[in-house]
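Position 186, counted from 1, in the sequence shown is what numbering that gives the first Met the number 0 calls 185; the numbers after and before it change by one each time, with no gaps. We treat Cβ as the ideally placed atom computed from N, Cα and C, and that holds for glycine. Note that the coordinates shown come from a computational prediction; the quantities given were computed from them, not determined experimentally.
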Amino acid sequence: MRVLPETTMPLSTSPLTDNAQPHIRASGVAVDFTHAGQTNRVLHNINLSIERGGFVSLIGPSGCGKSTLLKVLAGLVPPTEGEVSVAGVAPAEAARQRRIGLVFQEAALMPWKNSLDNVKVLMEIAYKDKSKEEITERAAAMLRMVGLEKAALKLPSQLSGGMRQRVAIARALAMDPEVLMMDEPFGALDAITREEMSEFLLEVWRSTGKTIVFVTHSIDEAVFLSKNVQVMATGPARIIESMPIGLPYPRVEDTYSLPEFAVASGRLRRLLKEGHGQKATS
Ligand SMILES: Nc1ncnc2c1ncn2[C@@H]1O[C@H](COP(=O)(O)OP(=O)(O)OP(=O)(O)O)[C@@H](O)[C@H]1O
Ligand SMILES: [Mg+2]
Numbered sequence: 000m001r002v003l004p005e006t007t008m009p010l011s012t013s014p015l016t017d018n019a020q021p022h023i024r025a026s027g028v029a030v031d032f033t034h035a036g037q038t039n040r041v042l043h044n045i046n047l048s049i050e051r052g053g054f055v056s057l058i059g060p061s062g063c064g065k066s067t068l069l070k071v072l073a074g075l076v077p078p079t080e081g082e083v084s085v086a087g088v089a090p091a092e093a094a095r096q097r098r099i100g101l102v103f104q105e106a107a108l109m110p111w112k113n114s115l116d117n118v119k120v121l122m123e124i125a126y127k128d129k130s131k132e133e134i135t136e137r138a139a140a141m142l143r144m145v146g147l148e149k150a151a152l153k154l155p156s157q158l159s160g161g162m163r164q165r166v167a168i169a170r171a172l173a174m175d176p177e178v179l180m181m182d183e184p185f186g187a188l189d190a191i192t193r194e195e196m197s198e199f200l201l202e203v204w205r206s207t208g209k210t211i212v213f214v215t216h217s218i219d220e221a222v223f224l225s226k227n228v229q230v231m232a233t234g235p236a237r238i239i240e241s242m243p244i245g246l247p248y249p250r251v252e253d254t255y256s257l258p259e260f261a262v263a264s265g266r267l268r269r270l271l272k273e274g275h276g277q278k279a280t281s
């Protein structure tokens, strides 16, 4: 695995931050969705505290509300009850201040733009005060960071799924967000590419110091990547366990073979089984 540069070359100076406070906090969060006059409680009493520079995964059965929780943390869905803060402000405000970067399962690149131009897209909208040269230079640096400098002029159709996700990650990192929120970003990739992307993401995390919130279905992916895994259960979704993962970093291919890895993934599997189909009682 190549070593990434230590800097992300911020375009602007980060605002003063209080490192003692959790970077992301959710307290008593509930979300109701109303459809055809019927209200469904999708999230129930979610409490979450994520440290600055943390790597937290959300895992739980399909349809349990992981994406909804991520959208609440990203300021895309307002909570029906409770409070959320990102870097001390409401998530929608944090998003407006470009402190949050998003990456989804589909890279959602513009098919007619090459990799370099796709990485430039958000910067061109946000950084009206920057010259074209500055934006191109930063986009090129971001592509170098994700190991795609040679693919700068290729169209998305000429890239593999893993390469397309790297472009999407470069596009998000180009905005120098404090938090990267990722919803099953490697879900559509084959098993080996997925493992390579996990190692790559840990390198990005190490070299940038971003806080990462990562939604996954994969037990191994959650254990391999995370400092902490939030285990969710259905009906309505809530967090049933906050599970620290004590495996040392850097985590590399051999990490999967460690006895501690098997212990952690076994425990996570049991928790997920226990949570499957459980009903909320409070
Ligand atoms: N905008 C919406 N309006 C109404 N219901 C919604 C909306 N978004 C999500 N839901 C419902 O909320 C529940 C949780 O959905 P969500 O997409 O958060 O689950 P998930 O855990 O991410 O699932 P998956 O693992 O399949 O991606 C589902 O029952 C879904 O149908
Ligand atoms: Mg989802």
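Give the DSSP-derived three-state secondary structure of Ser103 in the structure shown. Contrary to the premise, residue 103 reads as Phe rather than Ser in this sequence. Reduced to three states, the DSSP call for Phe103 is coil.
Answer with yes or no whether the minimum CB distance from Val251 to chain B is below 8 Å. As a matter of chain content, chain B is missing from the structure shown, which is built from one protein chain.
What residues come near ligand 2, if near means a beta carbon less than 7 Å from any of its heavy atoms? After applying the 7 Å Cβ criterion, the set is Lys65, Ser66, Asp182, Glu183 and Val214.
For ligand 1, I want to know if Val41 counts as a neighbour, meaning its beta carbon is within less than 7 Å of at least one of the ligand's heavy atoms. Within the cutoff, so yes.
Threshold first: 4 residues or longer. Then list the alpha helix (DSSP H) segments lying entirely within the stretch 191-221, N to C. If only complete runs of 4 or more residues are kept, the stretch 191-221 shows no alpha helix (DSSP H) anywhere.
Hey, could you find the ends of the beta strand (DSSP E) Asn117 is sitting in? Boundaries for Asn117: no beta strand (DSSP E) harbours it, while the alpha helix (DSSP H) harbouring it runs Ser114 to Ala125, taken from the DSSP string.
Pairing CB atoms from the stretch 66-74 with CB atoms from the stretch 122-130, are three or more of them under 8 Å? Cβ pair count under 8 Å is below three, so no.
Count the other C-beta atoms from every protein chain shown that fall within 10 angstroms of the C-beta of Met109, then say buried if there are 16 or more, exposed otherwise. Exposed, since its Cβ has fewer than 16 Cβ neighbours within 10 Å.
Answer yes or no: do Met174 and Ala73 have a C-beta to C-beta separation smaller than 8 Å? Their beta carbons are not under 8 Å apart, which means Met174 does not touch Ala73 by this criterion.
According to DSSP, is Leu246 part of a helix, a strand, or is it coil? If DSSP states are grouped into helix, strand and coil, Leu246 belongs with coil.
Strictly by DSSP, which residues pair up with Val230? Paired residue(s): Ile58 and Glu240.
Just to confirm before moving on: does the CB-CB distance between Met231 and Ile58 stay below 8 Å? By the CB criterion at 8 Å, Met231 and Ile58 fall inside the cutoff.
Assuming Arg170 contacts Val118 under a Cβ cut-off of 8 Å, what Cβ separation, rounded to an integer in Å, is found between them? 5 Å between Cβ atoms; contact.
Contacting residues, own chain, Cβ-Cβ under 8 Å from Ala89 (five flanking each side not counted): In the same chain as Ala89, and ignoring 5 residues on each side of it, the C-beta atoms closer than 8 Å to its own belong to Gly74 and Val83, in chain order.
Go to Arg40, then tell me how far its beta strand (DSSP E) extends in each direction, as first and last residue. For Arg40, the enclosing beta strand (DSSP E) stretches over residues Gln37 to Ile49.
Starting from Gly81, follow the beta strand (DSSP E) in both directions and report where the run begins and ends. Segment Glu80 to Val85, the beta strand (DSSP E) holding Gly81.
Let me know the secondary structure DSSP gives Met174 once reduced to three states. Judged by DSSP in its simplified three-state form, Met174 adopts coil rather than helix or strand.
Once you ignore the five residues that flank Arg237 on each side, which residues in its own chain have a CB closer than 8 Å to its CB? The residues are Leu42, His43, Asn44, Ile45, Met231 and Ala279.
From what residue to what residue does the beta strand (DSSP E) around Arg24 run? Looking at the DSSP string, the run of the beta strand (DSSP E) that includes Arg24 is Ile23 to His34.
CB-CB under 6 Å to Ala263, same chain, minus the five flanking residues each way: which ones, in chain order? So the qualifying residues of the chain are Val222 and Ile244.
Beta-carbon proximity of Gly87 to Lys226, cut-off 8 Å: No, the Cβ-Cβ distance between Gly87 and Lys226 is not below 8 Å.
Does at least one heavy atom of ligand 1 sit under 7 Å from the Cβ of Phe339? Because the chain in this structure spans residues 0 to 281, residue 339 falls outside the shown range and cannot be described.
Could you tell me the alpha carbon to alpha carbon distance between Leu3 and Arg137, rounded to whole angstroms? Here the model assigns Leu3 a pLDDT of 48, short of 50, so the residue's position is not dependable, and the following value carries that caveat. Going from the Cα of Leu3 to the Cα of Arg137 covers about 15 Å.
Would you report the Cα separation of Gly62 and Thr233, rounded to the nearest angstrom? The alpha-carbon atoms of Gly62 and Thr233 are separated by roughly 8 Å.
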